[in-house]
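> Just so you know, the protein sequences line up as chains R and X, in that order. Residue numbers are given in our numbering: position 188 of the first sequence equals residue 903, and the series is strictly consecutive. Residue numbers are given in our numbering: position 152 of the second sequence equals residue 172, and the series is strictly consecutive.
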Amino acid sequence: MLEIKNIVKKYSNHRALDNVSITVPKGSIFGLLGPNGAGKTTLIRIINQISAPDSGEIFFDGEKLQPKHIERIGYLPEERGLYKKMKIGEQMLYLAQLKGLKKKDASHRIKHWFEKLEIQSWWDKRVEDLSKGMQQKVQFVATIVHEPDLIILDEPFSGFDPVNAQIIQNEIIELNRKGATVIYSTHRMESIEALCDDIALINRSEKILEGSVKDIKQSYRNQTFKISYSSMEGARGEIDEIPFIDIIRHTTAQDTKEAVVKIHDDKTLNDILLLLIPKVTIHQIIEIIPSMHDIFIEKVTLSKN
Amino acid sequence: MNKILLIIRREYLSRVRKRSFLLTTFLVPLFFIGMYIGVFYLTKKSFEDTHGIVHVIDRGGEISKSLKNNKNLTFTVSNRELQQEIETLEDEAENTNLLIIPDDFLRTRYVELLSSGKPNINTQSEIKNQLQEIIRAHEYARMGLNVDSVRNINDKIQITTKEISETGDTKESHTEVAMGIAMALSVLVYLSLFLYGAQVMRGIIEEKTSRVVEIIISSVKPFQLMMGKIFGIGLVGLTQFILWIILTAALTSVATAFIINTSGVTPEEISALAGSKDQLPETNAAMDIIAAFDSINVTELLICFFIFFLGGYFLYSGLFAAVGSAVDSETEATQFTMPITMPLLLTYVLSFGVLINDPHGSIATWLSFIPFTSPIAMLVRVPFGVPTWQIIVSALLLFGGFLVTTWVAARIYKVGILMHGKKASFKEIVKWFTYKQ
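So, in structure tokens, the structure goes:
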């Protein structure tokens, strides 16, 4: 859907983006991650053609990015804003028409979305009379009303209560299912695993990680397991007697014990099981795969040093 | 619909629908009409009040016989003592006076006038005129001249000023009227350039601080948004001016009819009030004024007004837009609007002196060609008659200036609207200007 090639953006005293290349697959929900000030917003603005890169190219659906593509993109900026004194309905119509919709179509679709989100009664209200969360909802409609092929959401859940965040998340997933590609920019990791197929991690103006969530997590597996067990009758039955493992955490609760262990790189789980089986009763073994959160923190701290 | 038209439409409608727009549109003409009626009544009243009573203590006893009563003054010769008169004078109504003529008046030409209130200027000059007449009659008689034949010498001269236009025709010039119109235009253009320029700036600051700008410019180019705003507000200005002209014209005729009907004053009297100096009895003052206005080409003036007002507005609103994009609040904007509007302020101040007194001098001519000053300077000159080629060249230069300022402003605007919390300085703005677009 979107191919970003070697983008460089310089401001007078620093580089906001340094040779960043990212590929956003069609039909995916793509997480654009990175700490504050990493360059996410700069990149998003370049995709939206709000600012131009110093060098590099972007291809939209195979074509070089051009002004005509603007109508196929829906953008929810991190810093939200609407005209405070304007009535909601009028404002929605205006924004939709600016995205190239005809007035009649725009009106029809806005009403459809207002019904769907149960906010029809807001049509004649002014923005300044709405709460922040309500404004966010209106703004979300403005972002997607022209049925864009590419939806770019910059921190879409900030300002929402959990109930409304869930509603919006469901809408995003539904839009994606209907064919829209979604770029989801955030520095909060909680929703990434539930929502995203692919991610790119930007830190200090550079891309430091890119790929599908599944692959990334696979590559970060490091033979760490949680083993629940209890001592066997007649045996001493302690896990710390076993070689080839490092015990990260060990807890005892009544009759079951739990240990988080990292198996040495030259051994497999099978090797360890062979050693364990004669000594303890195994109840459960779960592989511990690092969360995106852990990976994020690890990568960002690593690149700092 | 074209996107820039959509923007213009929103900017226009959102302002025209505001209560404050309706209020100023209707109140300003009412204010002018109110002034018009107020001035009329005050003038009328001041004429009524001039009627004064003058008690005369004539020590010689001869002079008072020659004082004549007229519609403004009534003289009564008093036989009472001075002290007595002064005491009664204190209780008298306004504009009651005590004139003391000493017995050697014809030699000293000295009198004293005591008044119950502040001495009325008209009363003073009336008394002075009458006394002068008495002295004159006395002197003529002493020299043995016939008073009547001296008085009948016709020494009245009428000067009609005409100026030679380019085509060699002569036309009557009416400098005072031209000056009045020039000053009115200067004030009007100066105020409205500021008013509408500031509206552009405020609109941009509002979009910037409410952050709605990022959404808009993800749909249209920043340049389109800026120009849409400038055009939209320009249209608001035009609408307001046209409504003012129509409303003022309508209300004035209503008010005039009202004054004539209710006060029993004839139109001639109104004209006389307006003219107020009819030294030439054979010239009807009303005709004079009408002729004066005829000498001004109203169509030309209106066309020039709209060209130079709009030209000036476009030139300056671009700069105001750049300032608006650079700052986060209106208070912060002052440091930038001051230097930008200096040429305008300078011309405005000059227009009341140099430009009006010497509308075809080199300062006035130069200022009327420089785009930053021409909106005011040219309009001040137009009522005095300016060659058409000068108007056209000046308008073209103004248009060129508009293109340059808009180009500069757009580059600054583009960067500025997305800058938050950074205190803008001139150095910073120059840097923005040089950013790769």
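Ideal Cβ positions, reconstructed from N, Cα and C, are used throughout, including at glycine.
1. Bridge partners of R:ALA968, per DSSP?
2. Three Cβ pairs or more, each shorter than 8 angstroms: is that satisfied between the segment 717–726 of chain R and the segment 766–786 of chain R?
3. Mind checking R:GLU1002: buried by the 16 CB within 10 Å criterion, or exposed?
4. Hey, does R:GLY754 have any beta-carbon neighbour from chain X nearer than 8 angstroms?
5. Would a check of beta-carbon distances place R:GLU870 closer than 8 angstroms to chain X?
6. Buried or exposed for X:ARG35, please, with buried defined as at least 16 other CB atoms from any protein chain shown within 10 angstroms of its CB.
7. Chain X beta carbons: is any one of them nearer than 8 angstroms to that of R:ARG730?
8. Return the chain-ordered list of same chain residues with a C-beta closer than 6 angstroms to the C-beta of X:GLU302, the five sequence neighbours on each side being excluded.
9. Please classify X:GLY373 as buried or exposed, where buried requires at least 16 other C-beta atoms within 10 Å of its C-beta.
10. Go to X:ILE432, then tell me how far its alpha helix (DSSP H) extends in each direction, as first and last residue.
11. With distances taken from CA atoms, which of X:VAL424, X:VAL428, X:ASP378, X:GLY421 is nearest X:VAL406?
12. Taking the continuous alpha helix (DSSP H) assigned at R:ASP986, which residues delimit it?
13. For X:HIS75, count the other beta carbons within 10 Å of its own beta carbon; 16 or more makes it buried, fewer makes it exposed. Which is it?
14. With a threshold of 8 angstroms between beta-carbons, can X:GLU234 be considered close to chain R, or not?
15. Can you find the residues in the same chain that come closer than 7 angstroms, C-beta to C-beta, to X:LEU245, ignoring five residues on each side of it along the sequence?
16. Roughly how far, in whole angstroms, is the beta-carbon of X:ASP348 from the beta-carbon of X:THR229, given that I think they are within contact range, below 8 angstroms?
17. Let me confirm a value: R:TYR726 is counted as buried when at least 16 other C-beta atoms fall within 10 Å, else exposed. Which label applies?
18. At a CB distance below 9 angstroms, what residues from the segment 331–352 of chain X approach chain R? Give them in sequence order.
19. Quick one: Cα of R:ALA753 to Cα of R:PHE1011, how far?
20. Do X:SER414 and X:PHE389 come within 8 angstroms of each other at the CB atom, strictly closer than that value?
21. On a CA-only basis, which of X:ALA346, X:TYR336, X:GLN178, X:ILE265 is nearest X:PHE251? Give me that one, please.
22. For X:HIS158, name the three-state secondary structure that DSSP assigns.
23. From the DSSP output, read off the bridge partner residues of R:ARG841.
24. For a contact defined as C-beta to C-beta under 7 angstroms, what are the partners of X:LYS23 on chain R?
25. Quick one: Cα of X:LEU151 to Cα of X:PHE325, how far?
26. Would the segment 838–850 of chain R and the segment 785–805 of chain R be scored as touching if the rule is three or more Cβ pairs under 8 angstroms?
27. For the candidate residues R:GLY746, R:ASN751, R:LYS724, R:ILE744, whose alpha-carbon lies nearest to that of R:GLN764?
28. Rounded to the nearest angstrom, what separates X:PRO49 and X:THR268 at their Cα positions?
29. With a 10 Å radius around its C-beta and 16 neighbouring C-beta atoms as the bar for buried, classify X:ASN115 as buried or exposed.
30. Should X:TYR433 go down as buried or exposed, given a rule of 16 or more other Cβ atoms within 10 Å for buried?
31. Quick one: is X:LEU43 buried, meaning 16 or more other Cβ sit within 10 Å of its Cβ, or exposed?
32. For X:ALA397 and X:LEU213, I'd like the C-alpha separation in whole angstroms.
33. Bridge partners of R:HIS729, per DSSP?
34. Within 10 angstroms of its Cβ, does R:LEU813 collect 16 or more other Cβ (buried), or is it exposed?
35. Considering only residues of the segment 209–252 of chain X, which uninterrupted alpha helix (DSSP H) runs meet the minimum length of 4 residues and lie entirely inside it, listed in chain order?
36. Would you list the residues sitting across from X:SER135 in a DSSP beta bridge?
In brief:
1. Translated into positions along the first sequence, residue 968 of chain R becomes position 253. Paired residue(s): R:THR971.
2. yes
3. Counting from one through the first sequence, the residue named residue 1002 of chain R turns up at place 287. Under this definition R:GLU1002 is an exposed residue.
4. To locate residue 754 of chain R, count along the first sequence from 1; it is residue 39. No, its Cβ sits nowhere closer than 8 angstroms to a Cβ of chain X.
5. To locate residue 870 of chain R, count along the first sequence from 1; it is residue 155. No, R:GLU870 lies away from the interface with chain X (no Cβ there is under 8 angstroms from its Cβ).
6. Position 15 of the second sequence, counted from the start, is the residue given in the question as residue 35 of chain X. X:ARG35 comes out buried.
7. Translated into the one-based positions of the first sequence, residue 730 of chain R becomes position 15. R:ARG730 does not count as touching chain X.
8. Sequence index remark: in the second sequence, residue 302 of chain X carries index 282 (1-based). Caution is warranted here: a pLDDT of 38 is assigned to X:GLU302, below 50, making its placement in the model unreliable, and the coordinate value is therefore given only provisionally. Taken in chain order, the list of residues that qualify is empty.
9. Within the second sequence, numbered from 1, the residue matching residue 373 of chain X stands at position 353. Exposed, because fewer than 16 other Cβ atoms sit within 10 Å of the Cβ of X:GLY373.
10. Position 412 of the second sequence, counted from the start, is the residue given in the question as residue 432 of chain X. Taken as a continuous stretch (DSSP letters only), the alpha helix (DSSP H) holding X:ILE432 covers 408–436.
11. Locating residue 406 of chain X in the second sequence gives position 386, where the first residue counts as 1. With distances taken between Cα atoms, X:VAL406 lies closest to X:ASP378.
12. In the first sequence, the residue the question calls residue 986 of chain R occupies position 271. Here the alpha helix (DSSP H) through R:ASP986 covers 984–991.
13. Locating residue 75 of chain X in the second sequence gives position 55, where the first residue counts as 1. That one is buried.
14. The residue you call residue 234 of chain X lines up with position 214 of the second sequence. Yes, X:GLU234 lies at the interface with chain R (some Cβ there is under 8 angstroms from its Cβ).
15. The residue given as residue 245 of chain X occupies position 225 in the second sequence. Answer for X:LEU245: ILE27, ILE236, ILE237, listed in chain order.
16. One-based indexing of the second sequence puts residue 348 of chain X at position 328. One-based indexing of the second sequence puts residue 229 of chain X at position 209. With 8 angstroms as the limit, X:ASP348 and X:THR229 qualify as a contact, their Cβ atoms being about 6 angstroms apart.
17. Within the first sequence, numbered from 1, the residue matching residue 726 of chain R stands at position 11. That one is exposed.
18. none
19. Residue 753 of chain R sits at position 38 when you count from the first residue of the first sequence. Residue 1011 of chain R sits at position 296 when you count from the first residue of the first sequence. The straight-line gap from Cα to Cα measures roughly 13 angstroms.
20. In the second sequence, counting from the first residue as 1, residue 389 of chain X sits at position 369. In the second sequence, counting from the first residue as 1, residue 414 of chain X sits at position 394. Against a cut-off of 8 angstroms, the Cβ pair of X:SER414 and X:PHE389 comes out as a contact.
21. Counting from one through the second sequence, the residue named residue 251 of chain X turns up at place 231. Among X:ALA346, X:TYR336, X:GLN178, X:ILE265, the Cα nearest to that of X:PHE251 is on X:TYR336.
22. In the second sequence, counting from the first residue as 1, residue 158 of chain X sits at position 138. X:HIS158 falls in the helix class under three-state DSSP.
23. For this step, residue 841 of chain R is matched to residue 126 along the first sequence. Its beta-bridge partners are R:LYS802.
24. For the purposes of this step, residue 23 of chain X is identified with residue 3 of the second sequence, where counting begins at 1. In chain order: LEU813.
25. Taking the second sequence and counting its residues from 1, one reaches residue 151 of chain X at position 131. Taking the second sequence and counting its residues from 1, one reaches residue 325 of chain X at position 305. So the alpha carbons of these two residues sit roughly 52 angstroms apart.
26. yes
27. Counting from 1 along the first sequence, the entry for residue 764 of chain R is found at position 49. Out of R:GLY746, R:ASN751, R:LYS724, R:ILE744, R:LYS724 has the C-alpha closest to the C-alpha of R:GLN764.
28. Along the second sequence, one-based indexing puts residue 49 of chain X at 29. Along the second sequence, one-based indexing puts residue 268 of chain X at 248. The alpha-carbon atoms of X:PRO49 and X:THR268 are separated by roughly 5 angstroms.
29. Here residue 115 of chain X refers to the residue found at position 95 of the second sequence. Label assigned to X:ASN115: buried.
30. Along the second sequence, read from residue 1 onward, the residue named residue 433 of chain X stands at position 413. The residue is buried, with at least 16 neighbouring Cβ atoms inside 10 Å.
31. Counted from its first residue, the second sequence places residue 43 of chain X at position 23. Label assigned to X:LEU43: exposed.
32. Numbered from its first residue, the second sequence carries residue 397 of chain X at position 377. Numbered from its first residue, the second sequence carries residue 213 of chain X at position 193. The straight-line gap from Cα to Cα measures roughly 13 angstroms.
33. Walking along the first sequence from the start, residue 729 of chain R turns up at place 14. Answer by DSSP bridge pairing, in chain order: R:TYR726.
34. Here residue 813 of chain R refers to the residue found at position 98 when the first sequence is read from its first residue. It counts as buried.
35. 232–236
36. Within the second sequence, residue 135 of chain X is the residue found at index 115, counting from 1. Paired residue(s): X:ASN117.
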